[in-house]
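Trainee:
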Amino acid sequence: MMFNYFLAFENFFKFDFKYFTGENLISYLVMFIVIILAFIIYFVFRKKDPTKPEKGFAMIVCFMVEKLDGMVEDIMGKKYQGFGGYVLGLALYIGLSFFVSLMGLPGPMSNLGNTFAMGLWTFILIHANAIRANHWKYFKRYIDPSPIMLPINLLSMWAPLLSISLRIFGNALSGFTLMAIVYWALGKVSYMIFGGIMAAGPASIIVAPLITPVLHAYFDVFSGVIQTLIFMMLTMIQVAQEDPDPALA
1259 MMFNYFLAFE NFFKFDFKYF TGENLISYLV MFIVIILAFI IYFVFRKKDP
1309 TKPEKGFAMI VCFMVEKLDG MVEDIMGKKY QGFGGYVLGL ALYIGLSFFV
1359 SLMGLPGPMS NLGNTFAMGL WTFILIHANA IRANHWKYFK RYIDPSPIML
1409 PINLLSMWAP LLSISLRIFG NALSGFTLMA IVYWALGKVS YMIFGGIMAA
1459 GPASIIVAPL ITPVLHAYFD VFSGVIQTLI FMMLTMIQVA QEDPDPALA
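Residue 1324 in the numbering used here is what sits at position 66 of the sequence shown, and the numbering runs on without skipping anything.
(1) So MET1334 and MET1494 are in contact, right, with Cβ under 8 Å, and what is the actual spacing, rounded?
(2) Taking a contact to mean a Cβ-Cβ separation below 9 Å, would you say SER1355 touches GLY1433 in this structure?
(3) Can you have a look at MET1259 and say buried or exposed, based on whether 16 or more other CB atoms are within 10 angstroms of its CB?
(4) Let me know if GLN1485 comes out buried or exposed under the rule of 16 or more other beta-carbons within 10 Å of its beta-carbon.
(5) If you drop the 5 nearest sequence neighbours on each side, which residues of the same chain put their C-beta closer than 6 Å to that of TYR1396?
(6) Under a three-way DSSP split, which group does GLU1500 fall into?
(7) Using DSSP with H/G/I as helix, E/B as strand and the rest coil, what is TRP1394?
(8) For VAL1479, which residues in the same chain have their Cβ closer than 8 Å to its Cβ, ignoring the five residues on either side in sequence?
(9) Using CA coordinates, which residue listed in PRO1403, SER1285, ALA1316, ASP1402 is at the minimum distance from LEU1348?
(10) What three-state label does DSSP hand MET1415 in the structure shown?
(11) Suppose you measure from the CA of LEU1350 to the CA of SER1404; what does that come to, to the nearest Å?
(12) Could you tell me the boundaries of the alpha helix (DSSP H) in which THR1309 lies?
(13) Closest to LEU1346 by C-alpha separation, out of LEU1420, GLY1328, ARG1304, would be which residue?
(14) With respect to the alpha helix (DSSP H) encompassing PRO1471, which residues constitute its N-terminal and C-terminal limits?
(15) To the nearest angstrom, report how far apart ILE1298 and VAL1447 are at their CA atoms.
(16) According to the Cβ coordinates, are MET1437 and LEU1473 closer than 9 Å?
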């Protein structure tokens, strides 16, 4: 029945659902979770007494916000204190995108479209901040040291976008690929050991749960935290370095 509804919707609007990959659907789910968390935090702190010490969930949120605001101030300067909200949202989205793989779901970071979209926002912020801080002098960089360098400078301006997008995509895809190979190999080993005493399906999944949790802890948790920190740091550094007056930061 549900499939018929989707088919009718697709025929009516001429929309092809095949472009919605598993990674994209999980990406929407992660974004929905982040939005729900934002509303929960808002309602928790809306009537909170600032003179009383925080407890439980509120204490965790305050700790995260203070640490991220401190990181933003150390890297970007005091004039960028409002950037902490964006960094927090970015951290939640990337971190959750890695952690969902622990549940066997396709990770959004293993889709180049998702990482490219995040890199594109960083790219826009870099150049928007450069224009805001340098005004018309911003365009002078494309003809330095000579106007003949204009084509090369226009090509090099895309380097941060490609670098920051491909870095996190490559790490996520390599982890996903290695885990797929490990599961396939352990399935074969498990079937060789237990295939003679039970059905093929159960026999192929006995060994994997004994070994893969350690690998998931590395590729989905440790690597996820590292990649989240790297993406956050690169975003803050590349945005802040466009300020011509670091002494005022």
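Ideal Cβ positions, reconstructed from N, Cα and C, are used throughout, including at glycine. Note that the coordinates shown come from a computational prediction; the quantities given were computed from them, not determined experimentally.
Mentor: Quick answer:
(1) Your numbering for residue 1334 matches position 76 in the sequence shown. Your numbering for residue 1494 matches position 236 in the sequence shown. Approximately 5 Å separates the beta-carbon atoms of MET1334 and MET1494; this is inside 8 Å, confirming the contact.
(2) Within the sequence shown, numbered from 1, the residue matching residue 1355 stands at position 97. Within the sequence shown, numbered from 1, the residue matching residue 1433 stands at position 175. No, these two residues do not count as a Cβ contact at 9 Å.
(3) Here residue 1259 is taken as the residue at index 1 of the sequence shown, counted from 1. With a pLDDT of 45 at MET1259, under the threshold of 50, the predicted position of this residue should be treated as unreliable, though the coordinate-derived value follows. A residue is called buried when at least 16 other Cβ atoms come within 10 angstroms of its Cβ; MET1259 does not meet this threshold and is exposed.
(4) Numbered from 1 along the sequence shown, position 227 holds the residue referred to as residue 1485. GLN1485 comes out buried.
(5) Indexing the sequence shown from 1 puts residue 1396 at position 138. Only ALA1388, ILE1389 meet the Cβ criterion.
(6) Position 242 of the sequence shown, counted from the start, is the residue given in the question as residue 1500. The DSSP-derived three-state label of GLU1500 is coil.
(7) By one-based count along the sequence shown, residue 1394 stands at place 136. Looking at TRP1394 - three-state DSSP - the assignment turns out to be helix.
(8) Locating residue 1479 in the sequence shown gives position 221, where the first residue counts as 1. Contacts found: PHE1356, PHE1357, LEU1360.
(9) The residue labelled residue 1348 in the question sits at position 90 within the sequence shown. Ranking the options by Cα distance to LEU1348, first place goes to SER1285.
(10) As a first step, residue 1415 must be located in the sequence shown, where it is residue number 157. In this structure, MET1415 counts as coil in the three-state DSSP scheme.
(11) As a first step, residue 1350 is located in the sequence shown; it is residue number 92 there, counting from the start. As a first step, residue 1404 is located in the sequence shown; it is residue number 146 there, counting from the start. Their Cα atoms are separated by approximately 43 Å.
(12) To locate residue 1309, count along the sequence shown from 1; it is residue 51. Counting along the chain, THR1309 sits inside no alpha helix (DSSP H), nor does DSSP assign it H or E at all.
(13) Working through the sequence shown from its first residue, we reach residue 1346 at position 88. Considering only alpha carbons, the answer is GLY1328.
(14) Taking the sequence shown and counting its residues from 1, the one referred to as residue 1471 is at position 213. Per DSSP, PRO1471 is one residue of the alpha helix (DSSP H) stretching across 1466-1474.
(15) Here residue 1298 refers to the residue found at position 40 of the sequence shown. Here residue 1447 refers to the residue found at position 189 of the sequence shown. Answer to the nearest angstrom: the Cα atoms are 46 Å apart.
(16) Locating residue 1437 in the sequence shown gives position 179, counting from the first residue. Locating residue 1473 in the sequence shown gives position 215, counting from the first residue. Yes, these two residues count as a Cβ contact at 9 Å.
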